[in-house]
Amino acid sequence: MPANRVKPVVLSPATIASARIESFPDPSGGIVTWKTLFSAGKSPTDTLTTGIGTCQAKDGHLKCHRHTQAEIYHVIQGRGIVTIDGEEHGVEKGSVVFIPGDSEHGIRNIGEQDLMWLYVFATDKFEDIVYRFSEEKAPDALRLKPKL
Numbered sequence: 001m002p003a004n005r006v007k008p009v010v011l012s013p014a015t016i017a018s019a020r021i022e023s024f025p026d027p028s029g030g031i032v033t034w035k036t037l038f039s040a041g042k043s044p045t046d047t048l049t050t051g052i053g054t055c056q057a058k059d060g061h062l063k064c065h066r067h068t069q070a071e072i073y074h075v076i077q078g079r080g081i082v083t084i085d086g087e088e089h090g091v092e093k094g095s096v097v098f099i100p101g102d103s104e105h106g107i108r109n110i111g112e113q114d115l116m117w118l119y120v121f122a123t124d125k126f127e128d129i130v131y132r133f134s135e136e137k138a139p140d141a142l143r144l145k146p147k148l
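Here the UniProt record's numbering is used: the first residue of the sequence shown is 1, the next is one more, and so on.
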């Protein structure tokens with residue numbers, strides 16, 4: 001195997017549980033947290049960025065936004081509503097969602113337990129993603145600098 005080839009990475013449940021919880025520096029983006037699991041610079045990976053998003057029970061949400069990269073959600077716990085380009089879709093544990101690049105989308109919890117989903121972006125690192133929230137103008141786009 002060439003020295004510069006990316007090698008496989010496997011994360012244990014304990015490693016995932018202890019991953020740093022991140023959130024928006026400004027809560028106007030929503031009541032949501034996430035753990036970035038694979039992202040160039042944070043892990044020895046490339047091509048894809050993935051993590052676990054969480055909207056707390058009852059009022060957790062990620063406001064409608066856009067970004068250039070396509071995204072996939074795989075719901076791993078709870079129930080919610082995903083809105084994509086104005087159309088609402090009910091989701092629950094086991095649901096999988098494809099969100100085309102630049103589609104306006106958001107997610108909200110409608111259940112009694114936390115809503116959690118695995119997200120995957122088609123980009124090397126999380127820092128490549130620029131969130132453009134729907135009420136904001138393009139110059140006010142948010143390049144995520146997560147709050148620790």
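Heads up, the beta-carbon is just placed ideally off N, CA and C, and yes, glycines get one too.
Nearest to residue i by CA position, among the options, is which residue?
i	options	result
T36	G53, P25 and P44	G53
residue 150	E135, Y119, S134 and R132	There is simply no residue 150 to check, as the chain begins at 1 and stops at 148 in what is shown.
I84	Q77, P44, Y131 and R66	R66
G94	A70, S12, G86 and L115	L115
S23	K63, V10, S103 and G80	K63
W117	G80, A14, I129 and D26	G80
I129	P25, C55, T49 and S18	T49
A57	S134, F121, F133 and Q113	Q113
N4	P44, V75, F98 and V82	P44
I72	S12, E104 and F98	F98
A122	A70, H105 and Y131	A70
Y131	L11, G90 and S28	S28
According to the Cβ coordinates, are residue i and residue j closer than 9 Å?
i	j	result
W34	G60	no
D46	D102	no
G86	N109	no
Output the distance between the C-alpha atoms of residue i and residue j, rounded to the nearest integer angstrom.
i	j	result
E127	I107	21 Å
G111	V6	39 Å
I31	P100	23 Å
E88	D26	25 Å
P146	S134	In this prediction, P146 has a pLDDT of 47, which is less than 50 and means its spatial position is unreliable; nothing more can be read from the coordinates.
C55	E92	13 Å
V82	V9	30 Å
Report the three-state DSSP secondary structure of residue i (helix, strand or coil).
i	result
A40	strand
T47	coil
I52	strand
S12	coil
G30	strand
E127	helix
What first and last residue would you give for the beta strand (DSSP E) that runs through residue i?
i	result
I107	H105 to N109
V120	L115 to F121
G80	R79 to I84
K58	Per DSSP, K58 belongs to no beta strand (DSSP E) and is neither H nor E.
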